[in-house]
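**Student:** When we follow the numbering used here, the leftmost residue of the sequence shown carries the number 1396, and every step to the right adds one.
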Amino acid sequence: MTGKMVDRLAGTTSAQAQRGEARAGACQPKNAAVVIPTFNERDNTPKLVEALIGLYPEIHILVVDDHSPDGTSDVVRGLQQRYPNLMLLERMANPSFAAAYRDGFRRVLAEPWCEAVITMDADFSHNPREIRFLLEKLEGHDAVVGSRYTEGGSVRNWNLRRRLLSRSANFYVHRVLGLRVRDTTSGFICLRREALEGLAVQQTVSEGYSFLVELKYLLTQAGKRIGEHPITFEERREGQSKMSAGKVWEAIWMPWRIRFGGRCRNRSRNQDRTD
Ligand SMILES: Nc1nc2c(ncn2[C@@H]2O[C@H](COP(=O)(O)OP(=O)(O)O)[C@@H](O)[C@H]2O)c(=O)[nH]1
Ligand SMILES: [Mg+2]
1396 MTGKMVDRLA
1406 GTTSAQAQRG
1416 EARAGACQPK
1426 NAAVVIPTFN
1436 ERDNTPKLVE
1446 ALIGLYPEIH
1456 ILVVDDHSPD
1466 GTSDVVRGLQ
1476 QRYPNLMLLE
1486 RMANPSFAAA
1496 YRDGFRRVLA
1506 EPWCEAVITM
1516 DADFSHNPRE
1526 IRFLLEKLEG
1536 HDAVVGSRYT
1546 EGGSVRNWNL
1556 RRRLLSRSAN
1566 FYVHRVLGLR
1576 VRDTTSGFIC
1586 LRREALEGLA
1596 VQQTVSEGYS
1606 FLVELKYLLT
1616 QAGKRIGEHP
1626 ITFEERREGQ
1636 SKMSAGKVWE
1646 AIWMPWRIRF
1656 GGRCRNRSRN
1666 QDRTD
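Laid out in structure tokens, this is it:
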């Protein structure tokens, strides 16, 4: 294939891709970065990295670890010897799911090859096999959400309490923020580079999981085209959930803050920076 031939998947010429010009089509794994926040995911992370590289040998992975006491960062450093496309950002500030994503996005958007960014958990709740479809669906969308609550989507191995919690959170967020996404709390999202760059991500106010809601709110407010792709969400394989009473509380009041004046925050986002 010559440099001038149109790449069917990327919908652009390879010369354009090298220059990082705007693209309208789907995205190839070699131009995608999977950003994975980790806290005490020593057992899951190597398995997930291997699964991702097994499926998409050219994909880029950024693990954003909050200086996990279990040594997740050390494990990733070990894997980097074998996988040159594996990046690590070790944050030394207070653990924060949202700040990990803010820093992670900044890091991958600094790379010229990066045309799409995928968010996912380290614990195999999000099936790596779905990434192919998320990237393909970028054709015609600015962002694609892996969705449990769209037709064909489901959850597996969740007890009734967890199902009710998730459904109620989803219903509540819909009522407060009116998002045009069925799965408002999903953490499996694929975003086109240009869409992400157009959002005030570094000014987001969340510290915890509500970052995922805030991100979808920003996309909606900016009039971005959001698609949904059905996924089966699975309970984590190893380790423990970081969900806590404090995080549930943040999830309750944060949608109101996001809606009414979230972006009045005057704290400098440079506080998040650790790189
Ligand atoms: N860097 C970082 N990652 C976090 C933090 N809290 C959770 N995570 C990661 O975010 C992902 C989702 O968290 P998880 O505990 O699985 O939440 P749950 O799926 O709602 O139970 C996992 O990969 C966690 O390791 C944090 O404070 N900092
Ligand atoms: Mg999880």
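Note that CB positions come from ideal geometry on N, CA and C, so glycine has one too.
Is the beta carbon of S1520 sitting closer than 8 angstroms to the one on P1625?
**Tutor:** no
**Student:** Residues in its own chain within less than 6 angstroms of I1653 by CB, not counting five upstream and five downstream?
**Tutor:** E1609, Y1612
**Student:** Assuming the contact rule is C-beta atoms closer than 8 angstroms, R1575 and T1627 should be a hit. Round their C-beta distance to whole Å, please.
**Tutor:** The pair is not a contact, with the Cβ atoms about 23 angstroms apart (cut-off 8 angstroms).
**Student:** To which residues does DSSP link T1433 through a beta bridge?
**Tutor:** D1460
**Student:** A1617: buried (16+ other C-beta within 10 angstroms of its C-beta) or exposed?
**Tutor:** A1617 is exposed by the Cβ-count criterion.
**Student:** Counting along the chain, where does the alpha helix (DSSP H) carrying A1538 start and finish?
**Tutor:** A1538 -> not in any alpha helix (DSSP H); beta strand (DSSP E) instead, spanning 1538–1542.
**Student:** Quick check: does the Cβ of S1549 come within less than 7 angstroms of any heavy atom belonging to ligand 2?
**Tutor:** no
**Student:** For the beta strand (DSSP E) that contains F1628, what are its first and last residues?
**Tutor:** Where F1628 is concerned, the enclosing beta strand (DSSP E) stretches over 1627–1629.
**Student:** Hey, quick one: how far does the beta strand (DSSP E) through V1512 stretch, first residue to last?
**Tutor:** 1511–1514
**Student:** In chain order, what residues of the same chain have a beta carbon less than 7 angstroms from the beta carbon of R1472, not counting five sequence neighbours either side?
**Tutor:** L1483
**Student:** Whose beta carbon lies closer than 5 angstroms to any heavy atom of ligand 2, going through the chain in order?
**Tutor:** D1516, D1518, S1520, R1631
**Student:** Cβ of T1433 versus every heavy atom of ligand 1: is any distance shorter than 7 angstroms?
**Tutor:** Yes, Cβ of T1433 sits closer than 7 angstroms to a heavy atom of ligand 1.
**Student:** Please work out which residues of its chain come closer than 6 angstroms, Cβ to Cβ, to G1622, disregarding the five sequence neighbours upstream and downstream, and give them in chain order.
**Tutor:** Once the five neighbours on either side are set aside, the close Cβ partners of G1622 are K1532, H1536, V1539.
**Student:** Can you tell me whether E1436 sits near ligand 1, meaning its C-beta is under 7 angstroms from at least one heavy atom of the ligand?
**Tutor:** Residue side-chain check: E1436 places its Cβ nearer than 7 angstroms to a non-hydrogen atom of ligand 1.
**Student:** Where does the unbroken beta strand (DSSP E) through L1550 begin, and where does it stop?
**Tutor:** For the sequence presented, residue 1550 should be read as Val rather than Leu. Element bounds for V1550: 1549–1551.
**Student:** So, for A1564: in the same chain, excluding its five sequence neighbours on each side, which residues have a beta-carbon less than 7 angstroms away from its beta-carbon?
**Tutor:** Counting only Cβ-Cβ distances below 7 angstroms, and skipping sequence neighbours, we find T1580, A1646.
**Student:** So is the beta-carbon of V1568 under 7 angstroms away from any non-hydrogen atom of ligand 1?
**Tutor:** no
**Student:** Have a look at V1459, L1450, A1427 and flag the residue whose alpha-carbon is nearest the alpha-carbon of R1437.
**Tutor:** V1459
**Student:** Quick one: grab the DSSP three-state call for H1624.
**Tutor:** strand
**Student:** Going by DSSP in three states, A1427 sits in which element: helix, strand or coil?
**Tutor:** A1427 falls in the strand class under three-state DSSP.
**Student:** Using 10 angstroms around the beta-carbon of P1523, count the other beta-carbons present and answer buried if the total reaches 16, otherwise exposed.
**Tutor:** buried
**Student:** Roughly how many whole angstroms lie between the Cα atoms of V1444 and I1513?
**Tutor:** C-alpha separation (whole angstroms): 14 angstroms.
**Student:** Can you check DSSP and say which residues form a bridge with M1487?
**Tutor:** According to DSSP, which records beta bridges pairwise, M1487 is partnered with nothing at all.
**Student:** Which whole runs of the alpha helix (DSSP H) in the stretch 1569–1613 are 4 residues long or more, in chain order?
**Tutor:** 1588–1592
**Student:** When DSSP labels each residue in this structure, what does L1443 get in the three-state scheme?
**Tutor:** helix
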